[in-house]
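Colleague:
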Amino acid sequence: MMPAALAEVIRNEMVESVHYGHLVLLNAKGEVQLAVGDINLPIFPRSCVKPLQARAMVKAGLNLAPKLLALVTASHSGSETHIEIVRQILKSAGLDESALQCALDKPIGEVERKKWGDAPATRIAMNCSGKHAGMLATCIANNWPIENYLAMDHPLQKLILSEIESAASEKSINKTFDGCGAPLFAISTIGLARAIQDVTLADDSASTQIRNAMREYPELVSGVGRLTQRWMSVIPGLLMKEGAEGVQIASLADGRTLAFKISDGGFRPFSVITAAALAHFGVKAPDESVSVFGGGAPVGSIRATF
Numbered sequence: 012m013m014p015a016a017l018a019e020v021i022r023n024e025m026v027e028s029v030h031y032g033h034l035v036l037l038n039a040k041g042e043v044q045l046a047v048g049d050i051n052l053p054i055f056p057r058s059c060v061k062p063l064q065a066r067a068m069v070k071a072g073l074n075l076a077p078k079l080l081a082l083v084t085a086s087h088s089g090s091e092t093h094i095e096i097v098r099q100i101l102k103s104a105g106l107d108e109s110a111l112q113c114a115l116d117k118p119i120g121e122v123e124r125k126k127w128g129d130a131p132a133t134r135i136a137m138n139c140s141g142k143h144a145g146m147l148a149t150c151i152a153n154n155w156p157i158e159n160y161l162a163m164d165h166p167l168q169k170l171i172l173s174e175i176e177s178a179a180s181e182k183s184i185n186k187t188f189d190g191c192g193a194p195l196f197a198i199s200t201i202g203l204a205r206a207i208q209d210v211t212l213a214d215d216s217a218s219t220q221i222r223n224a225m226r227e228y229p230e231l232v233s234g235v236g237r238l239t240q241r242w243m244s245v246i247p248g249l250l251m252k253e254g255a256e257g258v259q260i261a262s263l264a265d266g267r268t269l270a271f272k273i274s275d276g277g278f279r280p281f282s283v284i285t286a287a288a289l290a291h292f293g294v295k296a297p298d299e300s301v302s303v304f305g306g307g308a309p310v311g312s313i314r315a316t317f
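For what it's worth, this note's numbering labels the leading residue of the sequence shown as 12, then goes sequentially.
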């Protein structure tokens, strides 16, 4: 099965462009409520699996306050607050930012990047630095080596793979590395939805800690003003996480869960697609309509097709 249309770009009542992809909605029992495209096709879930990576760390002995744990699940904007909390995670394990092996980068938040200016890229400013700090702290807690903590055969990465495969109820058929340098495991869109639903519903301590931390501190999971922060702040019980190359998950407190992958990797239709998916659950999202402009005036919009 091929990708299917998820959103259309309308200019003056004519379809100008189409965003294709795969989308699945699971009801509270884990049954498929809606499927668009090929939900069994393997995708790279990117940062959408950070809640699962963090859960594996907590199960392995990572012990952090909720505010710090939220940063472990984050694709943070790179604010001073975000960076300071990453330092706190490292300090709790007797480490500093020199131990980080994530890629060098500047903050991804627009405001934060502008404030950063011409300063050189650093590892701690990289949006995944909280996850990497959590990985290092987990290694210290288990007396595992930290020099190779990103290696596929490292005990921590084996544990994370097992966690993801178990929650997704499928085996990963493609293993590579994410943009941050951490191992990345391909699973299907429905597998991703199942895995996130498990984080939402499981009653073990690790799952409870992860979802509580994310819900309490959405500004740390994402950044002030970003879609994830805005919607988690106003939709009760919502867990939401975006991933690079057009991947998105959202899960309600009762377990209803959505996941999608946009084939072109773009973020332009994210709010429209997510709002339409939540509407299928009877949940009204904030108005995040996306206008199409001509000469500075709106002449159309992006609309979901399902």
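Yeah, the Cβ is synthetic: ideal placement off N, Cα and C, and Gly gets one too. Everything numeric in this text was worked out from a predicted model, so none of it was measured.
Between the alpha carbons of Leu115 and Leu195, how many angstroms are there, rounded?
Modeller: If you number the sequence shown from 1, residue 115 lands on position 104. If you number the sequence shown from 1, residue 195 lands on position 184. Straight-line Cα distance between these residues: approximately 18 angstroms.
Colleague: So, are the CB atoms of Thr149 and Gly72 less than 8 angstroms apart?
Modeller: In the sequence shown, the residue the question calls residue 149 occupies position 138. In the sequence shown, the residue the question calls residue 72 occupies position 61. Result yes, Cβ atoms of Thr149 and Gly72 sit closer than 8 angstroms.
Colleague: Locate the beta strand (DSSP E) running through Lys186, then write down its first and last residues.
Modeller: As a position in the sequence shown, residue 186 is number 175, starting the count at 1. Per DSSP, Lys186 belongs to the beta strand (DSSP E) from Lys186 to Phe188.
Colleague: Taking only heavy atoms of the ligand FAD into account, decide whether any of them is closer than 7 angstroms to the Cβ of Gly202.
Modeller: The ligand FAD is not part of this structure, which contains no ligands at all.
Colleague: What is the C-beta distance between Arg22 and Gly311, in whole angstroms, given that I count them as a contact (C-beta under 8 angstroms)?
Modeller: Taking the sequence shown and counting its residues from 1, the one referred to as residue 22 is at position 11. Taking the sequence shown and counting its residues from 1, the one referred to as residue 311 is at position 300. Indeed, because the Cβ distance is near 4 angstroms, the residues count as touching under 8 angstroms.
Colleague: Return the bridge partner residues of Phe271 from the DSSP annotation.
Modeller: Stepping through the sequence shown from its first residue, residue 271 is reached at position 260. Phe271 pairs with Leu34 and Gln259.
Colleague: Helix or strand or just coil, what does DSSP make of Gly145?
Modeller: Along the sequence shown, one-based indexing puts residue 145 at 134. Here Gly145 sits in helix by DSSP.
Colleague: Thinking Ala81 and Val232 are a contact (beta carbons under 8 angstroms), I'd like their distance in whole angstroms, please.
Modeller: Counting from 1 along the sequence shown, the entry for residue 81 is found at position 70. Counting from 1 along the sequence shown, the entry for residue 232 is found at position 221. Ala81 to Val232, Cβ: 6 angstroms. Contact.
Colleague: Could you tell me the distance, in whole angstroms, from the CA atom of Ile171 to the CA atom of Phe304?
Modeller: Along the sequence shown, one-based indexing puts residue 171 at 160. Along the sequence shown, one-based indexing puts residue 304 at 293. Looking at the two C-alpha atoms, the distance is approximately 44 angstroms.
Colleague: Going by other Cβ atoms of all chains shown within 10 Å of its Cβ, with 16 needed for buried, is Lys61 buried or exposed?
Modeller: Here residue 61 is taken as the residue at index 50 of the sequence shown, counted from 1. Per the 10 Å Cβ criterion, buried.
Colleague: Smallest Cα separation from Gly89: which of Ala204, Ala288 and Gly128?
Modeller: Position 78 of the sequence shown holds residue 89. With distances taken between Cα atoms, Gly89 lies closest to Gly128.
Colleague: Classify Gly236 as buried or exposed, calling it buried when 16 or more other Cβ atoms lie within 10 Å of its own Cβ.
Modeller: Residue 236 sits at position 225 when you count from the first residue of the sequence shown. Counting Cβ neighbours within 10 Å, Gly236 comes out exposed, since fewer than 16 surround it.
Colleague: Can you have a look at Met225 and say buried or exposed, based on whether 16 or more other CB atoms are within 10 angstroms of its CB?
Modeller: Position 214 of the sequence shown, counted from the start, is the residue given in the question as residue 225. So Met225 counts as buried.
Colleague: Consult DSSP for Gln240 and reduce its assignment to one of helix, strand or coil.
Modeller: Within the sequence shown, numbered from 1, the residue matching residue 240 stands at position 229. Of the three classes helix, strand and coil, the one that applies to Gln240 here is helix, per DSSP.
Colleague: I need the boundaries of the alpha helix (DSSP H) containing Glu121, first residue and last residue.
Modeller: Locating residue 121 in the sequence shown gives position 110, where the first residue counts as 1. Note, Glu121: alpha helix (DSSP H), Glu121 to Trp127.
Colleague: Would you mind sorting Glu121 into buried or exposed? The rule is 16 or more other CB atoms within 10 Å of its CB.
Modeller: Along the sequence shown, read from residue 1 onward, the residue named residue 121 stands at position 110. Counting C-beta atoms within 10 angstroms of its own C-beta, Glu121 has fewer than 16 neighbours from the protein chains shown and is therefore classed as exposed.
Colleague: Please confirm whether His33 and Leu52 have their CB atoms less than 8 angstroms apart.
Modeller: Counting from one through the sequence shown, the residue named residue 33 turns up at place 22. Counting from one through the sequence shown, the residue named residue 52 turns up at place 41. Cβ distance < 8 angstroms, so His33 and Leu52 count as in contact.
Colleague: How close, in whole Å, do the beta carbons of Arg57 and Gly254 come, if the pair is a contact with beta carbons under 8 angstroms?
Modeller: Against the sequence shown, residue 57 aligns to sequence position 46. Against the sequence shown, residue 254 aligns to sequence position 243. The pair is a contact, with the Cβ atoms about 3 angstroms apart (cut-off 8 angstroms).
Colleague: Thinking C-beta only, is Leu263 closer than 8 angstroms to Gly248?
Modeller: One-based indexing of the sequence shown puts residue 248 at position 237. One-based indexing of the sequence shown puts residue 263 at position 252. Yes. Within cutoff.
Colleague: If we ignore side chains and look at the alpha-carbon of each, how far apart do Gly277 and Ala18 end up?
Modeller: For this step, residue 277 is matched to residue 266 along the sequence shown. For this step, residue 18 is matched to residue 7 along the sequence shown. Distance between the alpha carbons of Gly277 and Ala18: 12 angstroms.
Colleague: Measure the C-alpha to C-alpha separation of Ala162 and Lys142 and round it to an integer number of angstroms.
Modeller: For the purposes of this step, residue 162 is identified with residue 151 of the sequence shown, where counting begins at 1. For the purposes of this step, residue 142 is identified with residue 131 of the sequence shown, where counting begins at 1. Each residue's alpha carbon lies about 15 angstroms from the other.
Colleague: Classify Gly202: buried if its beta carbon has 16 or more other beta carbons within 10 angstroms, exposed otherwise.
Modeller: Here residue 202 corresponds to residue number 191 of the sequence shown, with the count starting at 1. So Gly202 counts as buried.
Colleague: Return the chain-ordered list of same chain residues with a C-beta closer than 6 angstroms to the C-beta of Cys139, the five sequence neighbours on each side being excluded.
Modeller: As a working mapping, residue 139 is identified with position 128 in the sequence shown. The residues are Cys113 and Cys191.
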